[in-house]
Structures are given as structure tokens and as C-alpha cells.
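full-length UniProt numbering puts the first residue of the sequence shown at 1, with every later residue one more than the last.
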Amino acid sequence: MIISLCMGCGSLLYTLNNPDPNTTIRAFCKSRVYILQSTFIMTRWMITIACIDRYALSSRNARLRQFAQVHIARRAVVIIICIWLILPIHTIVFYEIRPGAGICAIVYDRTAALYHSSYTIITGGIFPLTIMITCSLLIRHNLAIKRSKREEHVTESNFVTQRTSHERIQRTRDRHALAMLFIQVIVYCFVQAPQLIYTLYAAIVSNVPNKSPDRLAIERFSFFFAKLCVYLFPVTAFYLYILVSRSFRAELFNIVNASTMVCCRRLNTLIEPVTNANITATERNDQNANTLTLSRQK
Numbered sequence: 001m002i003i004s005l006c007m008g009c010g011s012l013l014y015t016l017n018n019p020d021p022n023t024t025i026r027a028f029c030k031s032r033v034y035i036l037q038s039t040f041i042m043t044r045w046m047i048t049i050a051c052i053d054r055y056a057l058s059s060r061n062a063r064l065r066q067f068a069q070v071h072i073a074r075r076a077v078v079i080i081i082c083i084w085l086i087l088p089i090h091t092i093v094f095y096e097i098r099p100g101a102g103i104c105a106i107v108y109d110r111t112a113a114l115y116h117s118s119y120t121i122i123t124g125g126i127f128p129l130t131i132m133i134t135c136s137l138l139i140r141h142n143l144a145i146k147r148s149k150r151e152e153h154v155t156e157s158n159f160v161t162q163r164t165s166h167e168r169i170q171r172t173r174d175r176h177a178l179a180m181l182f183i184q185v186i187v188y189c190f191v192q193a194p195q196l197i198y199t200l201y202a203a204i205v206s207n208v209p210n211k212s213p214d215r216l217a218i219e220r221f222s223f224f225f226a227k228l229c230v231y232l233f234p235v236t237a238f239y240l241y242i243l244v245s246r247s248f249r250a251e252l253f254n255i256v257n258a259s260t261m262v263c264c265r266r267l268n269t270l271i272e273p274v275t276n277a278n279i280t281a282t283e284r285n286d287q288n289a290n291t292l293t294l295s296r297q298k
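Printed below as a string of C-alpha cells:
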């Protein structure tokens, strides 16, 4: 996400007072599209794998729970990075600067444009979204089963207050986790839809000649809006978690409060200067300690 934001938003900020390198430098046009394509889809599939990991962790099946381990997650991350460094290589070959239109796109090969659009929509939109929604529903089902099992295992000998408190904590935790997951998936759908729609539209009209200035302006605005929605997703998770989860807000408040207290303590710490009286007292203590040690040895 950091690489995507720096590469995407950084070039946009540079164009405020300078010529757009995306439409003037051919090598930058190709490399920028490749880096953004690979990093954005890496992000989507890592979130998808995280949803699968959450489903495996909440499952009652012992074999599925074995997949929710740290070393498996690390392997999955490495595999995802390798795959999405290889698959978008076609963008380096086919992307060119379109003369007169002022955009970087697949210009001279309609088949490649349709392939890129289909590839982006399927691998970056349909598949991750379907897996996320499916895992969210399955996680909700698993949490409901666990909650019912916990209620069945509560015996009459337990204290009513302890039982009520424990059930309330478990339900609150499950509700917050499920709400955060659902909100993340819903926001993902909304912010990715414009980019996927524009990608398909750009592939269909890539070879349409003699476009009017108004149409070109609308296409450029649509392209800017779609990219803006894509850049919104990496920075929305933090704000979504704050709005949805009370426990997340409490943890954030504790972290900020602890950091503030540590900083204030460091600023208010006074270092006492060393004086002759302190040195004399230290020497006397050392002499007394040495005398006591020699008397014990004798």
C-alpha cells in the first residue's frame, strides 16, 4: 500500500507544477503502470488470504485450523508477491502514451486491451470479492456456532455474574470482529467498482477515432475519479476500525495516552549536577565498603 500510494499520488503531486511524466516519458508510463498493477493486486489478494486465515482460525475443523499458523501465512505472502510480480509483465510490453489524448494506455493492440481488462476485472475484482464475501459469511456462521456451544456448556454451578460477564465479552468481541470484516469488504466493493468499470470501458473504446474534446475531458475525469477511489482503499482501514470497533478505539486511546505519558516524563526529567559534596560522600562510602571487606577477610 505504501509503494502504491507513493508511486501513484507522488506522480500526481509532481504534475501540479511540472509536465506529467506519465504522458511524456515512455519508460515512466510503462514502469508506473506495472508497479501500480502489481502492488494493488498484491494488496487485494493479501486481504483475501487474511479472510481465509480468519475463516480457518474460527473453524471447528482441526485440519482447517492448522492452516491458521504464522509460517503458513509467511509462505502465502511470499507466493502472492512472486505471482503478482510475474503476471502483470504484459503491461510493460503493451502500454504506450496515446498521442493527442494525453493518457498512458494500451493503444495499438485491441486484443491486448481486452485481455488486460478481463484479467484485471477477474483477478483483481471478481475472484477476491467472491472469496471475501464467502469467507465473511462462513466466519459469521462459525462464530454463531461457537456462541451456541458456549451457551450449552455453561453449567448451573457457575456464578451468574461470571457467566453473564463472560458471555458479554465474547459476544462483544465476535460482534466487533465480524463488523470490521464486513465493513472492510463492503468498502472494498464500493471503492474498486469505478476502477473496474473504467478499465472495461477503456478497453472497449480504445480504438474509437475522432473523439470530441468533451468526450476526452469526461474520460480523463472518469480516469482520475477511478484512480482516486483506488487510492482511498489503502487509507480507509484505520478510520473504519475506529468508527466500527469500540475496543479498537479503546486500544488506540491507551496507546496514545501511554506514549504521551512517556514523552512528558522524558521532558520533565531533571538531571542533578554532580557537586563536591556528592563526590566526597561517594568516596566515603567506597572507603567504608573497602574497610568492611578487609575486616571480613581477616
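From the three backbone atoms N, C-alpha and C, an ideal C-beta is built for every residue, glycine too.
- Around the Cβ of Pro19, a 10 Å sphere holds fewer than 16 other Cβ atoms; the residue is exposed.
- Arg98: member of the beta strand (DSSP E) spanning Tyr95 to Arg98, first to last residue.
- Rounded to the nearest whole angstrom, the CA to CA distance from Arg26 to Leu181 is 40 Å.
- Straight-line spacing of the CA atoms in Ile89 and Ile41 works out to 13 Å.
- Rounded to the nearest angstrom, the gap between the Cα atoms of Tyr55 and His116 is 31 Å.
- By the Cβ rule, the region 69-80 does not count as touching the region 120-139, because fewer than three pairs are nearer than 8 Å.
- Sixteen is the threshold: since fewer than 16 other Cβ atoms of the shown chains lie within 10 Å of the Cβ of Gly10, the residue is exposed.
- Comparing C-alpha distances from Val187 to each of Phe238, Ile97 and Arg249 shows the shortest one belongs to Phe238.
- Rounded to whole angstroms, the separation of the alpha carbons of Asn257 and Leu240 is 21 Å.
- Per DSSP, the continuous beta strand (DSSP E) segment holding Ala105 begins and ends at Ile103 to Ile106.
- Here Ala68 carries a coil assignment [DSSP, helix/strand/coil].
- Here Tyr108 is exposed. Its C-beta has fewer than 16 other C-beta atoms within 10 Å.
- Around the C-beta of Thr120, 16 or more other C-beta atoms lie within 10 Å, and the residue is accordingly described as buried.
- Taking the C-beta atoms as reference points, Ile139 is found no nearer than 8 Å to Ser245.
- The C-alpha of Ile81 lies about 13 Å from the C-alpha of Tyr34.
- In the structure shown, the three-state DSSP call for Asp109 is coil.
- Rounded to whole angstroms, the gap between the alpha carbons of Ile49 and Cys135 is 10 Å.
- Taking each of Ala62, Leu36 and Ile47 in turn and checking the Cα distance to Met132, the smallest one comes out for Ile47.
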